[in-house]
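Chains as they are written, first to last, in my numbering: chain F, -16 to 242; chain W, 813 to 1041. Single-structure report; data block below.
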């Protein structure tokens, strides 16, 4: 242990000497992109120079903390960034919000409404930014949308066809936190559970606390199932934020290097 | 293979009318509704693009020109799903005759003309059963165009297909756009077993045919709301 520390300190001056010869800002390598399915009509993936980085996880899993750390780091190293998330489109975000308040839409409708919101951001925010060479950080992506729908009994091939319009990200990180931990984190921040994040529409339990735990466990299972198909990175989100962000940086460094 | 409501064991029946703008299909469906009501049938009429909540987003999107072929397609699918799950299916379960002015075929035709992949569009609507009868009002393209264009209406951006950059003149764009949709309808006609109605014929002639066809294919007695005494 001590020996290793010593090596590191010894190496330090040599490394800093090299740094002066390296470019101050490194241009990320371009890697080929593709859509999950047929994609967006007329879109040329070859022109997408930026990188799409997705952070997935439940509310309270540390998504926003991690994303703001990544943004700080990426911009610090000279990369332009854009943050996107669900329910943020100009087209339908208001109506979607309204629909959720009234809880009036049935599952296929809500699913398609979310897909519309996603498509609007895909075409008007994500793709233009990638064309311009930005690092796009997505606070949730189609995986959350699919997991929510799967838990509600929607047909998987139907969802797969629907989200054939989505671009395959360069990196997907799922922040894995147990439902028991999540509930503590949510209370530490909000003192109240959210209706939808507790899956109250599913009728799992009339008790919101029980429903939250059951729903989040179902979501976790759905993510693990999706992981098998889509092969994203599952990162233990129960560790201190600094440790988690070090791991994320490492993964994204690999993406920037085109690995 | 998709199935009809009758094949799926629903007590109700769904009748769809399809055709170009100006084919006279809305007039025909109105007359049909009148007749069915007078026969004492439990009947419900549903129009394309009419669900309240989705309508607000659709009209905003169209007005502000925010829609692309993909979002245009998805927002109409959302509207359809809303009506399908909250109105059509429950009413068909309750034994109603449901009349739809436009059904999934409108989306199949329009979205494909706008450049969406046909299998993707069909996949979106795969949750919907097929109508028990689909009337396709087939008028000569020039007749349909004349019915709309003779009044020199102000054509809306999407209605005229202006988003496709077919022509800078809205009327010319409308002509080309409608022509392409017409081709899509014809291509689907056999596949989905459309019942063709000659929309160049007199209104009464068409209505007579429609009513005869419904009598033959759907026993009306089962749909009357008369109490069982």
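Every residue gets a Cβ at the ideal spot worked out from N, C-alpha and C, and that includes glycine.
Own chain partners of residue 991(W) with C-beta closer than 8 Å, once the 5 adjacent residues on each side are dropped: In the second chain, counting from the first residue as 1, residue 991(W) sits at position 179. In its chain, beyond the 5 residues on either side, 953 have a beta carbon closer than 8 Å to the beta carbon of residue 991(W).
Beta-carbon of residue 23(F) versus every beta-carbon of chain W: anything under 7 Å? Along the first chain, read from residue 1 onward, the residue named residue 23(F) stands at position 40. Yes, contact with chain W.
Please state if the CB of residue 906(W) and the CB of residue 815(W) are separated by a distance shorter than 7 Å. Within the second chain, the letter at position 3 stands for residue 815(W). Within the second chain, the letter at position 94 stands for residue 906(W). No, the pair does not count as a contact, with Cβ atoms beyond the cut-off.
Collapsed DSSP secondary structure at residue 240(F) in the structure displayed: Here residue 240(F) corresponds to residue number 257 of the first chain, with the count starting at 1. Here residue 240(F) carries a coil assignment [DSSP, helix/strand/coil].
Segment contact, 8 Å Cβ cut-off, at least three pairs: the segment 853 to 864 of chain W with the segment 877 to 895 of chain W: Counting Cβ pairs under 8 Å, three or more are found: they touch.
Please compile the residues from chain F whose C-beta is within a distance smaller than 8 Å of the C-beta of residue 932(W). Numbered from its first residue, the second chain carries residue 932(W) at position 120. The contact set of residue 932(W) on chain F, defined by CB atoms closer than 8 Å, consists of 20, 21, 144, 147 and 148 in chain order.
Where residue 36(F) sits in the DSSP three-state scheme: If you number the first chain from 1, residue 36(F) lands on position 53. Looking at residue 36(F) - three-state DSSP - the assignment turns out to be strand.
For residue 0(F), name the three-state secondary structure that DSSP assigns. The residue you call residue 0(F) lines up with position 17 of the first chain. Here residue 0(F) scores only 49 on pLDDT, less than 50, and its place in the model should not be relied on; the value that follows carries that caveat. Per DSSP, reduced to three states, the secondary structure at residue 0(F) is helical.
So the candidates are 854(W), 825(W) and 929(W); which of them puts its Cα closest to the Cα of residue 885(W)? Taking the first residue of the second chain as position 1, residue 885(W) is located at position 73. Measuring from the Cα of residue 885(W), the nearest candidate turns out to be 929(W).
Look at the alpha carbon of residue 239(F) and the alpha carbon of residue 154(F), and state the distance between them as a whole number of angstroms. For the purposes of this step, residue 239(F) is identified with residue 256 of the first chain, where counting begins at 1. For the purposes of this step, residue 154(F) is identified with residue 171 of the first chain, where counting begins at 1. Cα atoms of residue 239(F) and residue 154(F): separation of roughly 10 Å, rounded to the nearest angstrom.
Distance CB(residue 817(W))-CB(residue 944(W)) smaller than 7 Å: One-based indexing of the second chain puts residue 817(W) at position 5. One-based indexing of the second chain puts residue 944(W) at position 132. A Cβ-Cβ contact shorter than 7 Å links residue 817(W) with residue 944(W).
Is there a Cβ from chain W that is less than 7 Å from the Cβ of residue 235(F)? Sequence index remark: in the first chain, residue 235(F) carries index 252 (1-based). Answer no: the Cβ-Cβ gap between residue 235(F) and chain W never drops below 7 Å.
Three-state secondary structure (DSSP) at residue 68(F)? As a position in the first chain, residue 68(F) is number 85, starting the count at 1. The three-state secondary structure of residue 68(F), taken from DSSP, is strand.
Nearest-angstrom Cα distance between residue 186(F) and residue 113(F)? Within the first chain, the letter at position 203 stands for residue 186(F). Within the first chain, the letter at position 130 stands for residue 113(F). Distance between the alpha carbons of residue 186(F) and residue 113(F) is about 41 Å.
Buried or exposed, going by whether 16 or more other CB atoms sit within 10 Å of the CB of residue 926(W)? By one-based count along the second chain, residue 926(W) stands at place 114. By the 10 Å Cβ count, residue 926(W) comes out buried.
Write down the C-beta distance between residue 841(W) and residue 903(W) rounded to the nearest angstrom, noting that I regard them as a contact closer than 8 Å. In the second chain, residue 841(W) corresponds to position 29, counting from 1. In the second chain, residue 903(W) corresponds to position 91, counting from 1. Incorrect: roughly 16 Å between the Cβ atoms, too far for contact.
Distance cutoff 7 Å, beta carbons only. Does residue 859(W) sit that close to anything in chain F? Counting from one through the second chain, the residue named residue 859(W) turns up at place 47. By this cut-off, residue 859(W) is not an interface position.
Residues in the same chain with beta-carbon distance under 8 Å from residue 1004(W), minus the five sequence neighbours each way, listed in chain order, please. Translated into positions along the second chain, residue 1004(W) becomes position 192. Counting only Cβ-Cβ distances below 8 Å, and skipping sequence neighbours, we find 917, 942 and 946.
Counting only C-beta atoms, is residue 47(F) closer than 7 Å to chain W at any point? Numbered from its first residue, the first chain carries residue 47(F) at position 64. Not closer than 7 Å to any Cβ of chain W, the Cβ of residue 47(F) fails to qualify, so no.
Do residue 158(F) and residue 40(F) have their C-beta atoms closer together than 7 Å? Translated into positions along the first chain, residue 158(F) becomes position 175. Translated into positions along the first chain, residue 40(F) becomes position 57. A Cβ-Cβ contact shorter than 7 Å links residue 158(F) with residue 40(F).
Please classify residue 179(F) as buried or exposed, where buried requires at least 16 neighbouring CB atoms within 10 angstroms. Residue mapping note: residue 179(F) aligns to position 196 of the first chain, counting from 1. Classification of residue 179(F): exposed, given that the 10 Å Cβ count is below 16.
Rounding to the nearest angstrom, what Cα-Cα distance links residue 207(F) and residue 130(F) in this structure? The residue labelled residue 207(F) in the question sits at position 224 within the first chain. The residue labelled residue 130(F) in the question sits at position 147 within the first chain. Cα to Cα, residue 207(F) sits roughly 10 Å from residue 130(F).
Could you have a look at residue 914(W) and say whether DSSP puts it in helix, strand or coil? Position 102 of the second chain, counted from the first residue, corresponds to residue 914(W). Coil at residue 914(W), not helix or strand.
Within a Cβ cutoff of 6 Å, which residues of the same chain sit near residue 62(F), ignoring the five residues on either side of it in sequence? As a working mapping, residue 62(F) is identified with position 79 in the first chain. The answer, listed in chain order, is 118.
Is the Cβ-Cβ distance between residue 956(W) and residue 832(W) less than 7 Å? Along the second chain, read from residue 1 onward, the residue named residue 956(W) stands at position 144. Along the second chain, read from residue 1 onward, the residue named residue 832(W) stands at position 20. With contacts defined by Cβ atoms closer than 7 Å, residue 956(W) and residue 832(W) form a contacting pair.
Chain F contact residues for residue 978(W), given Cβ-Cβ distances below 9 Å: On the second chain, position 166 is the one that residue 978(W) refers to. For residue 978(W), there are no C-beta contacts with chain F under 9 Å, since the nearest C-beta of that chain is about 15 Å from it.
What runs of the alpha helix (DSSP H), each 4 residues or longer, lie entirely inside the segment 176 to 234 of chain F? Taking only runs of at least 4 residues, the alpha helix (DSSP H) segments lying wholly in the segment 176 to 234 of chain F are 191 to 213.
Given that a residue counts as buried once 16 or more other Cβ atoms are within 10 Å of its Cβ, and exposed if not, what is residue 37(F)? Taking the first chain and counting its residues from 1, the one referred to as residue 37(F) is at position 54. When all chains shown are included, residue 37(F) counts as buried.
Decide if the segment 1006 to 1025 of chain W is in contact with the segment 967 to 985 of chain W; the criterion is three or more beta carbon pairs, one per stretch, under 8 Å apart. At 8 Å Cβ cutoff, the stretches do not touch.
Anything in the segment 875 to 893 of chain W with a Cβ closer than 7 Å to a Cβ of chain F? List those residues in chain order, please. Within the segment 875 to 893 of chain W, those residues whose Cβ lies closer than 7 Å to any Cβ of chain F are, in chain order, 878, 880, 881, 882, 883, 886, 887, 889, 890 and 893.
Over what stretch of residues does the beta strand (DSSP E) that includes residue 945(W) continue unbroken? The residue you call residue 945(W) lines up with position 133 of the second chain. For residue 945(W), the uninterrupted beta strand (DSSP E) run begins and ends at 945 to 950, by DSSP.
Given that residue 95(F) touches chain W, what residues does it touch there, using C-beta distances under 7 Å? For this step, residue 95(F) is matched to residue 112 along the first chain. Contacts between residue 95(F) and chain W, judged by CB atoms closer than 7 Å, involve 886, 889, 890 and 893 in chain order.
Taking the straight line between their C-alpha atoms, what separation do you get for residue 895(W) and residue 57(F)? For the purposes of this step, residue 895(W) is taken as the residue at position 83 of the second chain. For the purposes of this step, residue 57(F) is taken as the residue at position 74 of the first chain. Residue 895(W) and residue 57(F) have their alpha carbons spaced roughly 46 Å apart.
Paired residues, beta bridge with residue 853(W) - DSSP: The residue given as residue 853(W) occupies position 41 in the second chain. Paired residue(s): 1036(W).
Are the beta-carbon atoms belonging to residue 136(F) and residue 32(F) less than 7 Å from one another? Residue 136(F) sits at position 153 when you count from the first residue of the first chain. Residue 32(F) sits at position 49 when you count from the first residue of the first chain. No, they are not a contact pair.
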